[in-house]
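Residues in the sequence shown are numbered consecutively from 31, following the numbering used here.
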Amino acid sequence: MTLTLSAKITLPKVLGSNMVLQQQSEANLWGKAEADKKITVNVSWDKKKITTRSDKDGNWAIKVATPAASFDKQTITISDGEKLTLDNILIGDVWVCVGQSNMEMPVQGYMHQPVENSMTFIRRGSAMKDKIRMFTVKKARSYDKELDDCVGEWREAAPQSVAETSAVAYFFAHELSYEVNYPIGLITAGWGGSRVETWMPLSALREIVSEEQIKHKHTLHPLIPSELYCGMIAPIRKFNAKGFLWYQGEANLGYQSLDYLGDIDHYDIMLARMAKQWREDWGDKENKMPFYYVMIPPYYYCHSYTDTTLPLFVECQERAMDIIPNSGMASTTDLGDATCLHPAKKFEIGARLAALAMAQTYGRKGFEAKAPQYESHEVKEDGKVKIKMKNAPQGLAPWSNVPVKGFELAGEDRKFHPAEARVWGSIVTVWSKDVPKPVAVRYAFHNVPGEVNLKNLYDVPAIPFRTDRWNDVK
31 MTLTLSAKIT
41 LPKVLGSNMV
51 LQQQSEANLW
61 GKAEADKKIT
71 VNVSWDKKKI
81 TTRSDKDGNW
91 AIKVATPAAS
101 FDKQTITISD
111 GEKLTLDNIL
121 IGDVWVCVGQ
131 SNMEMPVQGY
141 MHQPVENSMT
151 FIRRGSAMKD
161 KIRMFTVKKA
171 RSYDKELDDC
181 VGEWREAAPQ
191 SVAETSAVAY
201 FFAHELSYEV
211 NYPIGLITAG
221 WGGSRVETWM
231 PLSALREIVS
241 EEQIKHKHTL
251 HPLIPSELYC
261 GMIAPIRKFN
271 AKGFLWYQGE
281 ANLGYQSLDY
291 LGDIDHYDIM
301 LARMAKQWRE
311 DWGDKENKMP
321 FYYVMIPPYY
331 YCHSYTDTTL
341 PLFVECQERA
351 MDIIPNSGMA
361 STTDLGDATC
371 LHPAKKFEIG
381 ARLAALAMAQ
391 TYGRKGFEAK
401 APQYESHEVK
411 EDGKVKIKMK
421 NAPQGLAPWS
431 NVPVKGFELA
441 GEDRKFHPAE
451 ARVWGSIVTV
461 WSKDVPKPVA
471 VRYAFHNVPG
481 EVNLKNLYDV
491 PAIPFRTDRW
501 NDVK
């Protein structure tokens, strides 16, 4: 007896009801059907039918032009003779949000590790149902073999779905949606403890590090290079998007020991190559898609409050901004938790990422979203050091009569002492009675720097910095 099977249209999980499609784009739709079958697509915002044919393996793909963003509900009908309808679709901006456990951490928090004000945002989730839609990629690994599909579903914002969504991503969308006043779609992919090289293909990694280094990276962690790119990025890369958010770095820095610190020499290069790869995957050959990421917050790395492991890594993250076009880093100098790797202040991180996007991507004016950064310094004859900071067009805070905390000075003996500091405009004056002839200045340059308060007038904290290159001085 012969059994004839009739293949129906199937879609990848990332295409579904409740989704947000990227506005004013040639949005990709793709799937499976019977071989050599005519496929017809109807979209509610355009009366024209679009047709194509599946290939000999049943694969098909088309592009549909999307309109400007709005809160109007849309539908898509796909037919090979039998209709498949996707409904409750919105048109807006889609952001792909990736990283390790701090990106993965949901609004409801982890066991014994809360997210501040989580109940408020969870309870009010339904009010955002037409403003925020979320798709979370289920964890999947595949070594150097790219998967065609992932597991997940598009969900409207509601108490349960908000509770289970990445807190950083949700707070980013929450703040951004109020500013742009149209829907924001989030596609999140996270895996706790993952290293940056797991989120890019081996072909990209081979361009920037040696085979010996790649072999070594296979020994550092159960997750090995390319596994999460192939398992979780490859299946979603056809889905049109506006830009990327990234919150990762702790695993490359190393939590408990100094074994991983070789990555400080080339983490910036790996991050830049990963960003370039993702942009190419999403059809951006000109490096225009925004790429915003999070400075990893203070924490007692390697079981030390005073070690400089963290700020040395932050220097690497800071260098990445110079080599990744259209990028920005949200400063977290004031948001860490000395003994918890997952700080509770996720709203502030999401809001700072949103501020970067509002300023750099959406062109909003009237505020400075970038963190103050060291620009130059001058040692005066009286032993005071004048430090010029950038990204503080209206000056720095706290104002001139309030002490600035977190500075240290060292002389030729390379021993650092706590220093006094005051601000005037974008200049910080630093001095110490214990260092009459200073040769080096540091700010917040410890894993847990204690009380630090230098920021711009929009409450964005300064990034840790130093004027020396004494890596061996703690």
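Ideal Cβ placement from N, Cα and C applies to all residues, glycine included.
Applying the criterion that 16 or more other CB atoms from any shown protein chain within 10 Å of the CB defines a buried residue, is residue i buried or exposed?
i: N48; result: buried
i: F274; result: buried
i: S98; result: Reading the sequence as shown, one finds Ala at residue 98 and not Ser. When all chains shown are included, A98 counts as exposed.
i: A384; result: buried
i: Q54; result: exposed
i: E405; result: exposed
i: N501; result: exposed
i: Y290; result: With a pLDDT of 48 at Y290, under the threshold of 50, the modelled position of this residue cannot be trusted; read the value that follows with caution. Burial call: buried.
i: M141; result: exposed
i: A219; result: buried
i: F269; result: buried
i: K62; result: buried
i: N421; result: buried
i: T228; result: buried
i: R499; result: exposed
i: D123; result: buried
i: S430; result: exposed
i: T391; result: buried
i: W454; result: exposed
i: K175; result: exposed
i: E74; result: One point to set straight first is that residue 74 is Ser, not Glu, in the sequence displayed. Classification for S74: exposed.
i: I119; result: buried
i: K161; result: buried
i: P252; result: exposed
i: R154; result: exposed
Going by beta-carbon coordinates alone, are residue i and residue j separated by less than 8 Å?
i: K272; j: W125; result: yes
i: E485; j: P423; result: A small fix is needed here, since residue 485 is Lys in this sequence, not Glu. No; because the gap between Cβ atoms is not below 8 Å, this pair is not in contact.
i: I214; j: V50; result: yes
i: S191; j: C260; result: no
i: T369; j: Y322; result: no
i: E378; j: L386; result: no
i: L487; j: A427; result: yes
i: M135; j: S224; result: no
i: M325; j: A360; result: yes
i: F165; j: K376; result: no
i: P494; j: V344; result: yes
i: D110; j: K77; result: no
i: F101; j: Y208; result: no
i: A305; j: L177; result: no
i: T96; j: W90; result: no
i: K410; j: I457; result: no
i: I39; j: I92; result: no
i: E183; j: A381; result: no
i: K86; j: D66; result: yes
i: N483; j: K435; result: yes
i: I266; j: C180; result: yes
If contacts are defined as beta-carbon pairs under 8 Å, then residue i and residue j qualify, I think. What distance do you get, rounded to the angstrom?
i: L116; j: T105; result: 6 Å
i: A187; j: S156; result: 7 Å
i: E64; j: G88; result: 6 Å
i: R303; j: I238; result: 5 Å
i: A474; j: T339; result: Rounded, the Cβ-Cβ distance is 14 Å, inconsistent with contact.
i: P448; j: G413; result: At roughly 15 Å, the Cβ-Cβ gap does not stay under 8 Å, so P448 and G413 are not in contact.
i: R444; j: V503; result: 5 Å
Does any C-beta atom of chain C lie closer than 8 Å to the C-beta of residue i?
i: G284; result: No chain C is part of this structure, which consists of one protein chain only.
### Query
Along the chain, which unbroken stretches of the beta strand (DSSP E) at least 3 residues long are found entirely within the stretch 259-345?
Whole beta strand (DSSP E) segments, 3+ residues: 273-277 and 321-324.
### Task
Could you tell me which uninterrupted beta strand (DSSP E) segments, each at least 3 residues in length, are contained entirely in the stretch 145-217, listed from first to last along the chain?
You should have 162-166 and 184-186.
### Task
Quick one: which unbroken beta strand (DSSP E) runs of 3-plus residues sit fully inside the stretch 98-125? Chain order, please.
Qualifying beta strand (DSSP E) stretches, in chain order: 100-109.
### Message
Would you call the stretch 275-285 in contact with the stretch 123-142, where contact means no fewer than 3 C-beta pairs closer than 8 Å?
### Response
As far as the Cβ criterion goes, the stretch 275-285 touches the stretch 123-142, which means the pair count is three or higher.
### Query
Is the stretch 352-359 close to the stretch 461-476, with three or more CB pairs under 8 Å?
No: the two stretches stay apart, fewer than three of their Cβ pairs being nearer than 8 Å.
### Query
Is it true that the stretch 146-156 meets the stretch 241-248, where meeting means three or more beta-carbon pairs spaced less than 8 Å apart?
With fewer than three CB-CB distances shorter than 8 Å, the stretch 146-156 does not count as touching the stretch 241-248.
### Query
Any chance the stretch 308-321 sits against the stretch 471-481, with 3 or more Cβ pairs inside 8 Å?
Verdict: no, contact absent.
### Query
Which runs of the beta strand (DSSP E), 3 residues or longer, sit entirely within the stretch 392-468?
For the stretch 392-468, whole beta strand (DSSP E) runs of length 3 or above, ordered along the chain, are 403-409, 415-420, 437-440, 446-448, 450-454 and 457-461.
### Query
Where in the stretch 214-253 do unbroken runs of the beta strand (DSSP E), each at least 3 residues long, occur, reported from the N-terminal end onward?
Whole beta strand (DSSP E) segments, 3+ residues: 214-220.
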